[in-house]
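Note sheet for the following structure.
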Amino acid sequence: MKTVAYSEKLARRQIPDNLLKSMQTKELFYQFVCCELSQDMYTFNTEQYGFLHSAKTLNMVSELLDRADAGSVLLHLAHSLDPEMIHTDCFHYYECLLRTIVQPEIIRRMTDEETGELIHIFNRHRNTIMAASATNGLENTLAYLTTILFGYGNIMLKYEYEPFVSLLRSDAGIADFMLGAQLRDERIASQITECITNYMNTATTFSTGTEKDG
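Numbering (my numbering), first residue to last: 98 to 311.
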């Protein structure tokens, strides 16, 4: 059986430009999830590095990140996302959706209301993960929280929340994490969580009651 070179696989998975531009934003995301090369995301040191590789090599991902309506489309999908998917065969869909929606290009284009809804979703998933960790001793809790914490950070950067911006300047671990490095330290997770909680307790930007999710 002939082995297909990786470069050839990539070439075969590119969507022709005339079709790419006519596809709905939701279709672009589904193409990414269903493309077997999206699994490459897990072969890098971190999923963020892996996602950035996909964005550079798969044109449906770069097109998705350029779409003005990507935030609202992905947010609609995220509303029906069940945190329990991390324990099922739907794990890849779960990871692809969260990892895409936390990208700064997506978050920057969201309205204030959409951003508040996203924080609400993140809080719900974080609470579910932490509850499972407390009751069942969920292994690799930090790994499950990584994408959510990265999203929190990009939301605070969007609004130039000064306490978080100061942390980025003074804490190399947090700065590296926001550049895509692996989350190895519970301290970093705690600092980002504390920052987003304080932000939501004082922010007047959102009207969704998000700050009550804790």
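In this text, a Cβ means the ideal position worked out from N, Cα and C, and glycines have one as well. None of these values were measured; they are calculated from a predicted model.
So, residue i versus residue j, is the Cβ gap smaller than 8 Å?
{"i": "Val158", "j": "Ala152", "result": "yes"}
{"i": "Pro260", "j": "Ile226", "result": "no"}
{"i": "Ala286", "j": "Leu242", "result": "yes"}
{"i": "Gln200", "j": "Leu162", "result": "yes"}
{"i": "Leu134", "j": "Leu155", "result": "yes"}
{"i": "Thr143", "j": "Gly277", "result": "yes"}
I need the straight-line Cα distance from residue i to residue j, nearest angstrom please.
{"i": "Ser104", "j": "Arg110", "result": "10 Å"}
{"i": "Ala300", "j": "Val130", "result": "34 Å"}
{"i": "Lys118", "j": "Ala165", "result": "13 Å"}
{"i": "Thr238", "j": "Val101", "result": "37 Å"}
{"i": "Gln121", "j": "Glu160", "result": "11 Å"}
{"i": "Arg281", "j": "Leu194", "result": "23 Å"}
{"i": "Thr208", "j": "Thr197", "result": "17 Å"}
{"i": "Glu291", "j": "Glu283", "result": "12 Å"}
{"i": "Glu210", "j": "Ile218", "result": "13 Å"}
{"i": "Gln288", "j": "Cys132", "result": "36 Å"}
{"i": "Thr307", "j": "His176", "result": "The predicted position of Thr307 is uncertain, since its pLDDT is 43 and thus under 50; no value can be drawn from it."}
{"i": "Leu107", "j": "Ala231", "result": "42 Å"}
{"i": "Asp186", "j": "Ala229", "result": "18 Å"}
{"i": "Pro113", "j": "Tyr190", "result": "24 Å"}
{"i": "Leu265", "j": "Ile245", "result": "17 Å"}
{"i": "Ser263", "j": "Tyr146", "result": "24 Å"}
{"i": "Phe148", "j": "Glu192", "result": "10 Å"}
{"i": "Gly213", "j": "Met138", "result": "28 Å"}
{"i": "Ala240", "j": "Phe188", "result": "13 Å"}
{"i": "Lys99", "j": "Leu116", "result": "29 Å"}
*Would you say the region 243–260 touches the region 290–297, given that touching needs at least three Cβ pairs under 8 Å?*
yes
*Where in the region 194–222 do unbroken runs of the alpha helix (DSSP H), each at least 4 residues long, occur, reported from the N-terminal end onward?*
201–206
*Check whether the region 197–205 touches the region 252–259, counting contact only when three or more Cβ pairs, one atom from each stretch, lie closer than 8 Å.*
yes
*With a cut-off of 8 Å, do at least 3 Cβ pairs link the region 266–277 to the region 214–225?*
no
*asked:* Taking contact to mean 3 or more Cβ pairs, one atom from each stretch, closer than 8 Å, check whether the region 118–128 and the region 169–178 are in contact.
replied: yes
*Enumerate, from N- to C-terminal direction, the unbroken alpha helix (DSSP H) stretches of 4 or more residues contained entirely within the region 244–299.*
259–267, 269–275, 283–299
*asked:* In chain order, what are the residue ranges of uninterrupted beta strand (DSSP E) at least 3 long that sit wholly in the region 160–191?
replied: none
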